[in-house]
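**Q** Chains as they are written, first to last, in this note's numbering: chain U, 1 to 177; chain C, 1 to 177.
2 protein chains.
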Amino acid sequence: MTEQASGLLMVLTGNGKGKTTSAIGQAIRAAGNGMKVCFIQFIKGGDWKSGERQVMERLADLVDFRVMGRGFTWKSDDPEKDRALASEAWAYATDAIASGQYRMVVLDEFTYVINYGMVDQDKVFEVLGKRPPGVHIVITGRDAPLELVDIADLVTEMREVKHPFKKGIKAQRGIEF
Amino acid sequence: MTEQASGLLMVLTGNGKGKTTSAIGQAIRAAGNGMKVCFIQFIKGGDWKSGERQVMERLADLVDFRVMGRGFTWKSDDPEKDRALASEAWAYATDAIASGQYRMVVLDEFTYVINYGMVDQDKVFEVLGKRPPGVHIVITGRDAPLELVDIADLVTEMREVKHPFKKGIKAQRGIEF
Chain U
1 MTEQASGLLM
11 VLTGNGKGKT
21 TSAIGQAIRA
31 AGNGMKVCFI
41 QFIKGGDWKS
51 GERQVMERLA
61 DLVDFRVMGR
71 GFTWKSDDPE
81 KDRALASEAW
91 AYATDAIASG
101 QYRMVVLDEF
111 TYVINYGMVD
121 QDKVFEVLGK
131 RPPGVHIVIT
141 GRDAPLELVD
151 IADLVTEMRE
161 VKHPFKKGIK
171 AQRGIEF
Chain C
1 MTEQASGLLM
11 VLTGNGKGKT
21 TSAIGQAIRA
31 AGNGMKVCFI
41 QFIKGGDWKS
51 GERQVMERLA
61 DLVDFRVMGR
71 GFTWKSDDPE
81 KDRALASEAW
91 AYATDAIASG
101 QYRMVVLDEF
111 TYVINYGMVD
121 QDKVFEVLGK
131 RPPGVHIVIT
141 GRDAPLELVD
151 IADLVTEMRE
161 VKHPFKKGIK
171 AQRGIEF
């Protein structure tokens, strides 16, 4: 297998807006090329439906969209439950990567899971590093750990130059979710 | 109208990967919230079908996806034709912004059109600055001009930290298009 045909490990990090939306766009682009995608949201969760979730339901033949967290932040009222959900989502991701069913697996907001020690970090880097040839992996989230940057093929830092929250404009439907 | 309800001008710039994919994700998110989107590609064009184009055809009730350029680069064999196409696409965009039909208008790779002087820059900043309330605009492309940054509500610089092209891995289907 040539290098060109092997799957890329892509990391979208930084404090600016555009990480998850870029991962969604990457999933759409891959899906439009007939590549089956598994998109796992590690933090967002619950019954609440984001815009992307509603569109992805229409593309269910192309994208398996899994919302496996339970909220927006790590200011948690139940850290044990968060840990259990993160483990479950990571087990799901590991299976998806190994399954041969997907050409792309997106681990949305996964850096938080790594950085907060919700999963075994050595195991994470092993699974990512030994992914099957041809499987692209996209990881999003702030503060990508150096070890992840080291093994990645592509890293983009989304740097905040200007953000409306700083002007007092609140998060709004269609933009932030 | 409160500030919160007014449309944002968002600029995705920088030399890293993630600008167009983020705009696609933003369009998907808005569309999933029932907001009609007009997505105009200023540079890409022709018969050739990107992954995003193929998926957007399935979402035609939510997203008007217009491919109005004719190629990948400005190393043009026919600058007059490029200028004519850019003018046409900008006229289309101006109408879309004013029409009241769309809650979001994406001008993909539009910074190149501005920077190469393909359209009247003063007119561009006037149209963007005087957009109707409630219309979000997303502009992508490298080297966003300072005047655009000044009037934008949100600016993210996609900074290249690591890119596979530097390792000799070529552009590939599903990742770059």
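Cβ atoms here follow ideal geometry from the backbone N, Cα and C, with glycine treated the same way. As the structure is a computational prediction, the values presented were derived from the model and not from experiment.
#1: Count the C-beta pairs between the region 116-124 of chain U and the region 77-87 of chain U that are closer than 8 Å, then say yes if the count reaches three, no if not.
#2: Report yes or no: is there a C-beta of chain C within less than 9 Å of the C-beta of Lys194(U)?
#3: Are the Cβ atoms of Ala89(U) and Phe125(U) separated by less than 9 Å?
#4: Beta-carbon of Ser22(U) versus every beta-carbon of chain C: anything under 9 Å?
#5: Would you kindly check if the distance between the Cβ of Met35(C) and the Cβ of Gly51(U) is under 9 Å?
#6: Measuring straight from C-alpha to C-alpha, what distance separates Thr94(U) and Ala93(C)?
#7: Between the region 122-137 of chain U and the region 58-65 of chain U, do three or more beta carbon pairs fall short of 8 Å?
#8: In the DSSP assignment, find the unbroken alpha helix (DSSP H) run with Phe125(C) in it and report its ends.
#9: Taking the beta strand (DSSP E) that Arg66(U) falls in, what are its first and last residues?
#10: Measure the C-alpha to C-alpha separation of Thr13(U) and Ala144(U) and round it to an integer number of angstroms.
#11: Give the single residue among Arg142(U), Met104(U), Asp153(U), Asn15(U) whose Cα lies nearest to the Cα of Ile169(C).
#12: Helix, strand or coil: which one does DSSP assign to Phe165(U)?
#13: Which bits of chain C does Asn115(U) rub up against, with CB to CB less than 7 Å?
#14: I'd like to know whether the C-beta of Glu157(U) is nearer than 9 Å to at least one C-beta of chain C.
#15: Where Gln121(U) and Gly7(C) are concerned, what is the direct C-alpha to C-alpha distance, given to the nearest angstrom?
#16: Tell me, which residues are paired with Gly45(C) by DSSP?
#17: Can you name the start and end residues of the beta strand (DSSP E) that Met10(U) belongs to?
#18: So which residues of chain C does Ala31(U) contact, with C-beta pairs closer than 8 Å?
#19: Restricting to Cα atoms, I'd like to know which of Lys167(U), Phe165(U), Ala27(U), Lys17(U) is closest to His136(U).
#20: With distance defined between alpha-carbon atoms, name the residue in Glu160(U), Arg29(U), Arg70(U) nearest to Arg53(C).
#21: Taking DSSP as the reference, what is the three-state secondary structure of Gln4(U)?
#22: What residues from chain C crowd round Glu160(U), counting only those whose CB sits closer than 9 Å?
#23: Counting along the chain, where does the alpha helix (DSSP H) carrying Met56(C) start and finish?
#24: List the residues of chain C that Arg70(U) touches, going by C-beta distances under 8 Å, in chain order.
#25: Helix or strand or just coil, what does DSSP make of Asp108(C)?
#26: For the candidate residues Trp48(C), Lys44(C), Val149(C), Ala60(C), whose alpha-carbon lies nearest to that of Met68(C)?
#27: Give the straight-line distance between the Cα atoms of Gln172(C) and Asp78(C), rounded to the nearest whole angstrom.
#28: Put Ile175(C) into one of helix, strand or coil per three-state DSSP.
#29: Here's a check: name, in chain order, each residue in its chain whose Cβ is nearer than 7 Å to the Cβ of His163(U), leaving out the five neighbours to either side.
#30: Identify, in the order they occur along the chain, each residue of the same chain with its Cβ nearer than 6 Å to the Cβ of Phe177(U), setting aside the five sequence neighbours on each side.
#31: Does DSSP classify Arg142(U) as helix, strand or coil?
#32: Looking at Thr21(C) and Glu109(C), is the spacing between their C-beta atoms short of 9 Å?
#33: Please confirm if Val149(U) has its CB atom under 9 Å from at least one CB of chain C.
**A** Reading it off the structure:
#1: Using a C-beta cut-off of 8 Å, the region 116-124 of chain U makes contact with the region 77-87 of chain U, since at least three inter-stretch Cβ pairs fall below that distance.
#2: Chain U is shown only over 1 to 177; residue 194(U) falls outside these bounds and no answer can be derived.
#3: Here residue 89(U) refers to the residue found at position 89 of the first sequence. Here residue 125(U) refers to the residue found at position 125 of the first sequence. No, they are not a contact pair.
#4: Counted from its first residue, the first sequence places residue 22(U) at position 22. Chain C contact via Cβ: present.
#5: By one-based count along the first sequence, residue 51(U) stands at place 51. By one-based count along the second sequence, residue 35(C) stands at place 35. For the pair Gly51(U) and Met35(C), the CB atoms are nearer than the 9 Å cut-off.
#6: By 1-based counting over the first sequence, the position of residue 94(U) is 94. By 1-based counting over the second sequence, the position of residue 93(C) is 93. About 44 Å.
#7: Because the criterion of three Cβ pairs below 8 Å is not met, the region 122-137 of chain U and the region 58-65 of chain U do not touch.
#8: For the purposes of this step, residue 125(C) is taken as residue 125 along the second sequence, with counting starting at 1. It spans 121-129 - the alpha helix (DSSP H) in which Phe125(C) sits, taken as one unbroken run.
#9: As a first step, residue 66(U) must be located in the first sequence, where it is residue number 66. Element bounds for Arg66(U): 63-69.
#10: Along the first sequence, read from residue 1 onward, the residue named residue 13(U) stands at position 13. Along the first sequence, read from residue 1 onward, the residue named residue 144(U) stands at position 144. Here the C-alpha atom of Thr13(U) lies approximately 6 Å from the C-alpha atom of Ala144(U).
#11: As a first step, residue 169(C) is located in the second sequence; it is residue number 169 there, counting from the start. Checking every option, the nearest Cα to that of Ile169(C) belongs to Asp153(U).
#12: Counting from 1 along the first sequence, the entry for residue 165(U) is found at position 165. Residue state, collapsed to three classes: helix.
#13: Your numbering for residue 115(U) matches position 115 in the first sequence. For Asn115(U), there are no neighbours in chain C by C-beta distance under 7 Å, as the nearest C-beta there is about 17 Å away.
#14: The residue you call residue 157(U) lines up with position 157 of the first sequence. Yes - at least one Cβ of chain C is within 9 Å of the one on Glu157(U).
#15: For the purposes of this step, residue 121(U) is taken as the residue at position 121 of the first sequence. For the purposes of this step, residue 7(C) is taken as the residue at position 7 of the second sequence. The alpha-carbon atoms of Gln121(U) and Gly7(C) are separated by roughly 41 Å.
#16: Residue mapping note: residue 45(C) aligns to position 45 of the second sequence, counting from 1. Gly45(C) is bridged to Gly69(C).
#17: Walking along the first sequence from the start, residue 10(U) turns up at place 10. For Met10(U), the uninterrupted beta strand (DSSP E) run begins and ends at 9-13, by DSSP.
#18: Residue numbering aside, residue 31(U) sits at position 31 when the first sequence is read from its first letter. Result: Gly51, Val55.
#19: Mapped onto the first sequence, residue 136(U) falls at position 136. Nearest to His136(U) by C-alpha distance, out of Lys167(U), Phe165(U), Ala27(U), Lys17(U), is Ala27(U).
#20: Here residue 53(C) refers to the residue found at position 53 when the second sequence is read from its first residue. It is Arg29(U) whose Cα lies nearest to the Cα of Arg53(C).
#21: By one-based count along the first sequence, residue 4(U) stands at place 4. Confidence at Gln4(U) is low in this model, with a pLDDT of 43, below 50, so the placement of that residue should be treated as unreliable; the coordinate-derived value is given next. In the structure shown, Gln4(U) sits in a helix (DSSP, three-state: H, G or I).
#22: Residue mapping note: residue 160(U) aligns to position 160 of the first sequence, counting from 1. Simply Leu154, Val155, Thr156, Glu157.
#23: For the purposes of this step, residue 56(C) is taken as residue 56 along the second sequence, with counting starting at 1. Where Met56(C) is concerned, the enclosing alpha helix (DSSP H) stretches over 51-58.
#24: As a working note, residue 70(U) is residue 70 in the first sequence. Listed along chain C, no residue sits closer than 8 Å to Arg70(U) by beta-carbon distance, the nearest being about 20 Å off.
#25: In the second sequence, the residue the question calls residue 108(C) occupies position 108. Residue state, collapsed to three classes: strand.
#26: Along the second sequence, read from residue 1 onward, the residue named residue 68(C) stands at position 68. Closest by alpha carbon: Lys44(C).
#27: Position 172 of the second sequence, counting from 1, holds the residue named residue 172(C). Position 78 of the second sequence, counting from 1, holds the residue named residue 78(C). In this structure, the straight-line span from the alpha carbon of Gln172(C) to that of Asp78(C) is close to 27 Å.
#28: As a first step, residue 175(C) is located in the second sequence; it is residue number 175 there, counting from the start. DSSP places Ile175(C) in coil when its eight states are reduced to three.
#29: Indexing the first sequence from 1 puts residue 163(U) at position 163. Cβ within range, chain order: Lys17.
#30: Residue mapping note: residue 177(U) aligns to position 177 of the first sequence, counting from 1. Taking C-beta separations shorter than 6 Å and ignoring five residues to either side along the sequence, the partners of Phe177(U) in its chain run Ser50, following chain order.
#31: For the purposes of this step, residue 142(U) is taken as residue 142 along the first sequence, with counting starting at 1. Residue state, collapsed to three classes: coil.
#32: To locate residue 109(C), count along the second sequence from 1; it is residue 109. To locate residue 21(C), count along the second sequence from 1; it is residue 21. Not in contact: Glu109(C) and Thr21(C) (Cβ atoms no closer than 9 Å).
#33: Counting from 1 along the first sequence, the entry for residue 149(U) is found at position 149. Interface flag for Val149(U) against chain C is set, since a Cβ pair is found closer than 9 Å.
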